[in-house]
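*Asks:*
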Amino acid sequence: MDTVKISKFIDCDSLKAIELSMNPEILAKQMPGVKSVKILKKKEKNGLIVQTVAWDGVLEAGPIKKDLSWIEEDSWDIENKKCQFVQTEGSFKIYNGAWMFEDVQNGCESSISLEYDAGVPLVGPLIDKLIKKVVIENLEALLSALEKVAKDN
Numbered sequence: 011m012d013t014v015k016i017s018k019f020i021d022c023d024s025l026k027a028i029e030l031s032m033n034p035e036i037l038a039k040q041m042p043g044v045k046s047v048k049i050l051k052k053k054e055k056n057g058l059i060v061q062t063v064a065w066d067g068v069l070e071a072g073p074i075k076k077d078l079s080w081i082e083e084d085s086w087d088i089e090n091k092k093c094q095f096v097q098t099e100g101s102f103k104i105y106n107g108a109w110m111f112e113d114v115q116n117g118c119e120s121s122i123s124l125e126y127d128a129g130v131p132l133v134g135p136l137i138d139k140l141i142k143k144v145v146i147e148n149l150e151a152l153l154s155a156l157e158k159v160a161k162d163n
């Protein structure tokens with residue numbers, strides 16, 4: 011199990027960034043490790059917008075190539091500008107975290123914290139580092155996709 015945290019400045023206010031982020035199908039088009047994304051369900055629950063999202067992707071880290079599929083529940087708290095997400099079923103042993111948005115001068119800071127275990131058996135320290143690198147690259151691709159979509163809208 012590992013935890014990664016990344017953040018990026020986005021050239022729009024936090025509410026627009028959240029609105030765009032709630033459309034993962036658009037963001038995924040900019041992410042090379044993602045094969046498909048689909049929102050399966052969307053509802054309001056206890057003041058949150060809860061989305062069930064199916065993801066299909068591939069993890070390529072050195073000699074390892076593993077297809078990954080998972081369903082996650084995203085709980086969007088618009089008022090507090092954050093999303094808590096957790097895998098409800100799928101390839102990961104552990105997959106959960108938070109996506110936060112904070113207004114700053116001329117835009118917002120978008121930050122993701124992810125706790126994960128990719129479920130690759132008998133992984134040594136070198137492969138662990140490669141997997142972590144790929145996870146970070148994918149999160150960076152997600153934030154870069156948000157940055158691009160924000161500029162285009």
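Once you know that position 98 of the sequence shown is 108 in this note's numbering, the rest is easy, because the numbers rise by one and skip nothing.
By construction, the Cβ of each residue, glycine as well, lies at the ideal position given by its N, Cα and C atoms.
Is DSSP giving N148 helix, strand or coil here?
*Replies:* Three-state result, N148: helix.
*Asks:* If you count every other CB in all the chains shown that lies within 10 Å of the CB of D77, and 16 or more means buried, which is it?
*Replies:* By the neighbour-count rule (16 or more Cβ atoms within 10 Å), D77 is not buried but exposed.
*Asks:* Relative to the alpha-carbon of S121, which residue among D127, E99, E157 has its alpha-carbon at the smallest distance?
*Replies:* With distances taken between Cα atoms, S121 lies closest to E157.
*Asks:* Tell me whether L37 is buried or exposed, calling it buried when 16 or more other Cβ atoms sit within 10 Å of its Cβ.
*Replies:* Burial call: buried.
*Asks:* With DSSP as the reference, label I20 as helix, strand or coil.
*Replies:* Note: I20 maps to strand in three-state DSSP.
*Asks:* By the DSSP assignment, the alpha helix (DSSP H) with A38 in it spans what residues?
*Replies:* Segment 34-38, the alpha helix (DSSP H) holding A38.
*Asks:* Of the choices D12, G43, V14, M11, whose alpha-carbon is the least far from that of A155?
*Replies:* Of D12, G43, V14, M11, the residue nearest in Cα terms is G43.
*Asks:* With contact counted as at least three CB pairs below 8 Å, one residue from each stretch, are the region 22-30 and the region 128-148 in contact?
*Replies:* These segments do not touch.
*Asks:* Excluding five sequence neighbours on each side, which residues of the same chain lie with their C-beta closer than 7 Å to the C-beta of K39?
*Replies:* Nothing meets the Cβ criterion.
*Asks:* Looking only at its own chain, which residues have a Cβ that is under 6 Å from the Cβ of K15, when we skip the five neighbours before and after it?
*Replies:* Taken in chain order, the residues that qualify are S123.
*Asks:* Once DSSP output is grouped into helix, strand and coil, what is the label at E157?
*Replies:* Of the three classes helix, strand and coil, the one that applies to E157 here is helix, per DSSP.
*Asks:* To the nearest angstrom, report how far apart N148 and A128 are at their CA atoms.
*Replies:* Each residue's alpha carbon lies about 13 Å from the other.
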